[in-house]
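Here's the structure, in structure tokens; my notes come after.
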Amino acid sequence: SSGINFDKFDKIPVRSTGTDTPKPINDFSEANLRSLLLDNVTKSGYTRPTPVQKYSIPIILGKRDLMSCAQTGSGKTAAFLLPILHSILESGCESNMGACPQTPQAVIVAPTRELAIQIKDEARKFSQGSMLKCVVAYGGTSTGYQLGTLSRGCHVLIATPGRLNDFVEKGKVSFENVRFLVLDEADRMLDMGFMPAVEKIVTSGSMPPKGERQTLMFSATFPGEIQAAANDFLVNYVFLTVGIVGG
Ligand code: ADP
Ligand code: MG
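First residue of the sequence shown? That's 1455 in the working numbering, and the numbers climb one at a time after it.
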């Protein structure tokens, strides 16, 4: 069961700006996603994509950076997870058990432990039946258990900013193989005072520079600081607004 009200969402205006923006899909099957992903999407009870998913999935598969503003509950998690998981499955996920540092292909930064866990659960649900490993890391708890899980392999790392920087400083994680960097709920990270920590991640020594990674930002609102961050962190990006977004 989901909280998605399609009658409401289908009427929401969507605007995308940017050059050569990939066309939206109307059905999950149009995205040419791996069959394992499509099967898991169906098993999740998702019969059709929400507006933010219709637009974001082809944009991300088209290798574009994305700044997406859409309200809470509009389905942003699957909008970025499905194309990212698809790309990692396409490139093959070799076993990296025991490797230290772990070198995830995707790093998803989220403001809270609850949100990070939710994204990890969704990622594991969608990648179920594959070798792809999704790991979560957050602060406020000892590092031992998280590092144990991390050492068993990590293709997708979902983390809160402080704990992620901590793991990088301790040499447990390196960004050298990052192809996707996601900043989820960017406005909440701003409100919680995490922007310096986020900037540290984005400019970290092992992080590929913009243009050599895909950077995806999601936010419910679009204040000046988020606009500035988007201009700083993204390149040739598509700007997507779903519904009416406040500044
Ligand atoms: P957001 O990140 O925009 O706040 P979520 O990704 O958390 O939204 O999704 C909100 C809820 O809607 C979740 O319970 C999710 O499982 C569900 N959901 C997302 N996409 C779909 C879809 N295409 N069909 C049905 N339910 C969906
Ligand atoms: Mg979300």
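Glycine is no exception: its CB is placed at the ideal position from the N, C-alpha and C atoms.
In the structure shown, Q1507 falls within a helical segment according to DSSP collapsed to helix, strand and coil. At least one heavy atom of ligand 1 falls within 7 Å of the beta-carbon of Y1500.
If you draw a 10 Å sphere on the C-beta of E1639, you find 16 or more other C-beta atoms in it, and that means buried. If the five residues before and after N1494 are omitted, its C-beta is found closer than 6 Å to the C-beta atoms of F1580 and Q1582, all from its own chain and listed in chain order. Exposure of A1682 is indicated by the presence of fewer than 16 other C-beta atoms within 10 angstroms of its C-beta. Between ligand 1 and A1564, a heavy atom-to-CB distance of less than 7 Å is absent.
Each of R1667, E1666, N1480 and E1630 was checked against the Cα of S1660, and the nearest Cα belongs to E1630. Sorted by chain position, residues whose beta-carbon lies closer than 7 Å to a non-hydrogen atom of ligand 2 are T1526, K1530, T1531, L1569, D1638, E1639 and F1672. Here the distance from the Cβ of P1558 to the nearest heavy atom of ligand 1 is not below 7 Å. Annotated three-state conformation of A1674 is coil, per DSSP. In this chain, R1633 is not harboured by any alpha helix (DSSP H), its DSSP state being neither H nor E.
The beta carbons of A1524 and V1632 sit about 24 Å from each other, so the pair does not count as a contact at 8 Å.
Per the Cβ contact rule, the region 1477 to 1493 is in contact with the region 1504 to 1517 (3 or more Cβ pairs under 8 Å). When the alpha-carbon of V1627 is set against those of H1540, T1557 and G1616, the nearest one is in T1557. Using a 10 angstroms sphere on the CB of P1565, the tally of other CB atoms reaches 16 or more, which defines it as buried. If you look at T1496, you'll find it isn't in any beta strand (DSSP E); it sits in the alpha helix (DSSP H) that goes S1489 to K1497.
Between the beta-carbon of L1644 and that of L1520 there is about 18 Å, and that puts the pair past the 8 Å contact cut. Across the set T1473, V1590, S1673 and I1655, the C-alpha of V1590 shows the shortest separation from the C-alpha of H1609. The shortest C-alpha to C-alpha distance from L1637 to any of V1652, P1663, K1624 and G1625 is the one to V1652.
Following the DSSP letters along the chain, one finds L1586 in no beta strand (DSSP E), marked with neither H nor E.
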